[in-house]
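Enquirer: There's a structure below that I have some questions on.
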Amino acid sequence: MSLDKTVPSADEAVADIRDGASLVVGGFGLAGVPIALIDALAHRSATALQVASNNCGTDGWGLGVLLEQGRIARVVASYIGENKEFGRQYLAGELEVELTPQGTLAERLRAAGAGIPAFYTPAGVGTWVAEGAMPWRYHPDGSVAVSSSPKEVREFEVDGQRVPFVLELSLVCDFGLVRAAKGDRHGNLVFHRSARNFNPLAAMAGRTTIAEVEELVEPGDIDPDDVHLPGIFVHRVVELTSEQVTAKHIEKRTVRTGP
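Structure representation (structure tokens):
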């Protein structure tokens, strides 16, 4: 069997993503977002998607494109932030949202890739995260339609004191979509600075992980010590065009005025 995991295009790479599929998507804000894969998915018909990502892009960019098309049914995220449509759909009862502490979300993804079914964390103890009643979906009239259930809380001894921790489940998804600065045909990936963010974790948590890469190189061209994510976690690799590589948005542009 060939170890060459490259596919000709993003369209072909996402062709088997069907209605109701769960996706874990890399990126933080607009840094390291797999834009080409998301755009390819936006041109297909899959709907009722369940998405796990730090946030849901911005209005008209990233996952915000799928959101505006009404293609996302549920989101597990730690931040609503700059996406007005995300907030509108959530409050209008059109979208189910499981807000999760950012570090907890990261560990749920890492645990999924490591084969760990659950773990204990102090994040969220004493809040709705642990006690339940977190609004996941609203009725159009503003009342709560679906809320979270209570989670197991257990005390462990830490530095001589009994400290409560909440049990969180790992988060495995059908597909992982990530973006890397460099990748080889075997799927070994290198990320650029802050674009590393959730991408390695998202790749680990996907049963089938698809990576778009800005630069495709041959196996052996990446020093093993420079590999951020080994190819064992990656199943398909798409080389981006020069136009796709440069198509990057800035979430918040700050311009300094003159002295």
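According to my numbering, the sequence shown holds residues 1408 to 1666 in order. All C-beta atoms in this analysis are idealised placements derived from N, C-alpha and C, irrespective of residue type, glycine included. From a predicted model like this one, the values you see are computed outputs, not experimental measurements.
Quick one: residues in its chain with C-beta nearer than 6 Å to the C-beta of H1656, no 5 flanking neighbours on either side, listed in chain order?
Expert: Excluding residues within five positions, the ones whose Cβ falls inside 6 Å are L1437, W1468.
Enquirer: For the stretch 1473 to 1481 against the stretch 1446 to 1461, are there 3 or more C-beta pairs whose distance is under 8 Å?
Expert: Yes: the two stretches touch, three or more of their Cβ pairs being nearer than 8 Å.
Enquirer: Does DSSP put E1492 in a helix, in a strand, or in coil?
Expert: Note: E1492 maps to helix in three-state DSSP.
Enquirer: On the three-state DSSP scale, how would you describe F1605?
Expert: Three-state DSSP puts F1605 in coil, outside helix and strand.
Enquirer: Give a yes or no on contact between the stretch 1566 to 1574 and the stretch 1582 to 1595, applying the rule of three or more CB pairs nearer than 8 Å.
Expert: With a cut-off of 8 Å, the stretch 1582 to 1595 and the stretch 1566 to 1574 do not count as touching, because too few Cβ pairs lie within range.
Enquirer: Is the beta carbon of R1643 less than 7 Å from the beta carbon of V1432?
Expert: No, these two residues do not count as a Cβ contact at 7 Å.
Enquirer: Would you grab the beta carbon distance between R1517 and L1623 for me? Rounded to a whole angstrom, and I think it's under 8 Å.
Expert: Contact flag wrong, Cβ pair sits at about 26 Å.
Enquirer: Report the partner residues of F1582 according to the DSSP bridge assignment.
Expert: F1582 is bridged to L1430, T1615.
Enquirer: Which one of L1578, R1600, A1484 has the shortest CA to CA distance from Q1509?
Expert: Nearest option by C-alpha distance: A1484.
Enquirer: So, under 8 Å CB-CB, Q1496 and L1473 are touching, yes? Tell me the CB distance rounded to an integer number of Å.
Expert: About 12 Å separates the two Cβ atoms, so there is no contact after all.
Enquirer: Return yes when the Cβ of V1532 is within less than 7 Å of the Cβ of P1542, no when it is not.
Expert: Result no, Cβ atoms of P1542 and V1532 do not sit closer than 7 Å.
Enquirer: With contact counted as at least three CB pairs below 8 Å, one residue from each stretch, are the stretch 1547 to 1564 and the stretch 1594 to 1606 in contact?
Expert: Short answer: they don't touch.
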